[in-house]
Amino acid sequence: MSSASSPAAKATRLDWTFRVLGFLLLALNAFSVPLVPKIELDSSWRMALGQFFVDGRQFGPEVMFTYGPLGWTMGKTYWGGQWAGLVGWHVVQALVFTAMTYWHGYRLSGYQRLFFFAFFFVFGLSYEDASHQAMTAFAGLELIRRSSGPWRWSSLGLIALLVALSLVKFTDMMLATFLVVLAGGLEAWSKRRAVAARVPAIFLGLLVLGWVLCGQNPLNLPAYVHGSWEISQGYQDAMGLPCPTSQLVCGLTVALLVVGCVVATLFTHADRVRGSVLAAGTAAYLYINWKHGYIRADGHQVGFYYAALTVIVTAPVMLEGDWTRLQWQRHAIRTVAGLVALVGLDLTLPGLGRGALATFEAEEYRNIAFFAGREGTRGFYDAKLRGEQGSVELAKTKELAGRAPVDVLGYEQAVAIVNGFNYRARPVFQSYSAYTPYLSHLNRDYYASDRAPEIVLFKLQSIDGRLASMDDADVLRLLVHRYTYKYTEMGYTVWQRKPGPFDAAAFAPKPIRSATVRLGQRIELADLASQNLWVEIEYHFSLLGRLRRFLFRPPLVQLHITDQDGVETIHRLPQPIGRTGFMLNPIIDDLVDYMRAAGGVPKRRVRSIAIDTAPEYQRFLQEDVRVTVSSLQPSDAGLSFFKEENRSKFHMFVDAPISYQALNPPNEEMIDNRRVMIMHAPSEMIFDVPSGATELRGAYGFNPGAYTDGGRTNGANFTILWSSGGEPVLLHERFLDPVAKLGDRGLQKFSVKLPKSTGQVYLRVGPGPYGQYAFDWTAWTGIEFK
């Protein structure tokens, strides 16, 4: 017996009533309301996809992501446009997915149908990524089952569904393509060679047609496939996250049990070739969701469990076979696998399994309220958008940019969208995704070309313990040469493209030395510590490591960096990022370090590095590691950043220092109703003397807390010195002791004459007698050159 269902009595009017009500309830649960806009990582790429679609940006040469031109439908985040498209798409999607679910459910019978609908009502259509994959599997496997049979026009609808899902996400395209090829291959095996190419040809033709209807050039489709494959392959190296052992064991148990059920069904199939093709399609569906769930093993594991449960409750339809043979064994396997999967869901997201019915009820009420206009109206979303606009209003940059092209480095692209900029992103538009040489070079070539954006908003943002300079490394090294830093607004540094042609080759890394070392071997770089360095690191997996990477995820490899003070930091080193290369010296941990590397005074310089992995992972890696160190041309782009930063920090001064140091970080206070900057002794500020300046004015003193309410400073020495490169010249000196002398309390004004020459002025505060600096809360204000 190869049928999953048995003859049933004709449905009554009451049966149809409950079927229709169930259909509506399931469709209501499958509907997804739009997400509200936010200035953060996930919302940013979702909003950007919607903007790209409306702007007609070309996927492949202009946009490189694992989501296609219809990716905005799964992103479903409101960005100011596409309101009707978002709502309309998800209404149609909910109806189509529910129809596919019903069609498969009513091909089952008895308790199998009961478990099927129980799963899909409670879980199956609530997680959109998983439901897309399930519908792809349903449609593709049905095409395989129809192979070697007469053509049915409903197959055209199944192929159209596969095409629509393929245009949403690249992983859907991969699974759909594999299933379509299997369907065509089975036709050819059945000696129906004249029609073997029919399903693949229709799929390809509709895919190209859909691509064109999305406003895409058909010649760009290969570039999109290539780039998305690069991102998908690099994802497992660069984006992997470990999970607790209990969750991994639970997932492996479910995977092995489901595979066991697939294999057992294969042996009961009357047509072993047909059974093998169905088993291969089902295995591909499980494999993609296993990889997706356990590469980045956070909440993504839910997708794998949903896929496994889909196979468990749909197996008689998916796999066919004679279910009278090995019946109780296969039912036992499915039962145990289903129970373990439910445990796994709760381990991944505590409460998901136990609170499933409550979640289902909440979704139903929320969606009813949405369609009734009581909640989630467009006015509500517009208000949320205005709130985000108000939180990151870049008024100064709007005036600077006008309608000039703007890009955002980092992962907060939504800031460009909510501010209404002419957003023209580099191809790999989120920096953390430019993690292979190919992807990084795409962005590099964009920034080196005449198409480079006029204005760049930049935040140095990384994820998952990488060194900050690893993300979009080629763009980071070019930015300081092709662009001029203008100012910082709302936490974003703003850069403007320099006029004239740009020769990117002139700023390419220049190799200094290469070496092949062993894992864990330290590479000394102290002799190069004064240079700006770029490093490329290439390591390889052993045969066992490649197998592990294919079936699971690659082992974690780490970069150990030791600085000139002997301080060691450890960062993950994904294989493609190492091959791409990145800035190594000076060590960049944050934006200020990046600016220090471009003309400032670096805080940390590298002394040595080592590439290593945990002992339990060593068998997965080859021992030899190739390291190439190159020099980078220095830049002075950071100088204006520090001047601008200091102008903002020292706003109580007319003229800001170019550098400073103090015992504690400077902080604002009030003395005599004036804003002052506390520069705890011992401290120093350095100022460039403006051309033509002849006088320096200002005031200094102690914070009252230094000598009242228990404060016991023993005084401090305030000095002003001038230098043009030789020995400093003392211009002013005064010792204040506010505890002993009432006249030394409050602000003390000063005015000193300056030598008639260019130079620098040093404002220093030294501790009181015996070097005691407790309570030396010394301050300056109103520093002005005249």
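Here the sequence shown stands for residues 1 to 786, where the numbers follow the working numbering. Glycine included, C-beta positions come from ideal geometry on N, C-alpha and C. On a predicted model such as this, the values are computed, not experimentally measured, just so you know.
In the DSSP assignment, HIS680 falls outside any alpha helix (DSSP H), carrying neither H nor E. Burial check for HIS651: the Cβ neighbour count within 10 Å stays below 16, so the residue is exposed.
The beta carbon of ASP655 sits closer than 8 Å to those of PHE687, PRO690, ILE783, GLU784, PHE785, all from its chain and outside the five residues before and after it, given in chain order.
If you ignore the 5 residues before and after VAL33, its C-beta comes within less than 6 Å of the C-beta of PHE370, GLY376, all in its own chain and listed in chain order.
Counting along the chain, ASP407 sits inside the beta strand (DSSP E) bounded by residues 405 to 409. By the criterion of a C-beta distance shorter than 7 Å, GLY299 is surrounded in its chain by THR348, LEU349, once the five residues flanking it on both sides are discounted. Here the alpha carbons of ALA414 and PRO405 stand approximately 15 Å from one another. Assigned with DSSP and collapsed to three states, THR778 falls in strand. Ranked by Cα distance from LEU731, the first of ASP709, ARG764, GLY215, PRO244 is ARG764.
In terms of Cβ geometry, PHE552 and TYR294 form a close pair [threshold 8 Å]. Ranking GLY56, VAL428, MET100 by CA distance to the CA of MET64 puts VAL428 first. Look at TYR660 here: in three-state DSSP terms it is strand.
For LEU721, the uninterrupted beta strand (DSSP E) segment begins and ends at 716 to 723. Distances from the CA of GLN461 to each of ARG482, ASP565, LYS510, ILE588 were compared; the closest alpha carbon is that of ILE588.
Contact annotation: PRO634 and ASN532 have beta-carbon atoms nearer than 8 Å.
Under DSSP, ASN585 takes part in a beta bridge, and its partners are LEU533.
Pairing ILE537 with GLU524, the inter-Cα distance amounts to about 15 Å. Residue state for HIS300 is assigned as coil, using DSSP reduced to three classes. In this structure THR335 is exposed. Its beta-carbon is surrounded by fewer than 16 other beta-carbon atoms within 10 angstroms. Taking 8 Å as the cut-off, the beta carbon of GLU40 is found closer than this to the beta carbon of GLU412. Nearest neighbour of MET470 by Cα position, chosen from GLY491, GLU399, ALA434, SER449, turns out to be ALA434. The DSSP assignment places no complete alpha helix (DSSP H) segment of no fewer than 4 residues inside the stretch 222 to 264. DSSP places LYS191 outside any beta strand (DSSP E), giving it a letter other than H or E. Distance check between GLY771 and each of PRO738, GLY715, GLY725 places GLY715 closest, using alpha-carbon atoms only.
Assignment of ASN419 by DSSP, reduced to helix, strand and coil, places it in the coil class. A straight-line Cα-Cα distance of about 12 Å links ASP503 and ARG444. Residue range 83 to 105 is occupied by the alpha helix (DSSP H) that includes MET100.
In this structure, PHE31 sits near VAL91, with a CB-CB distance shorter than 8 Å. The stretch 46 to 56 makes no contact with the stretch 384 to 401: fewer than 3 CB pairs, one atom from each, lie closer than 8 Å.
Assigned with DSSP and collapsed to three states, SER155 falls in helix. With 16 or more other CB atoms across the displayed protein chains lying within 10 angstroms of its CB, LYS76 is buried.
By the neighbour-count criterion, in which 16 or more other beta carbons inside 10 Å mark a residue as buried, GLY60 falls on the buried side.
By the neighbour-count criterion, in which a residue is buried when 16 or more other Cβ atoms sit within 10 angstroms of its Cβ, SER154 is exposed. One thing to note: GLY355 has its Cβ no nearer than 8 Å to the Cβ of LEU342.
SER724 and GLU684 have their C-alpha atoms roughly 17 Å apart. In this structure, the alpha-carbon of ASP271 lies about 30 Å from that of PHE97.
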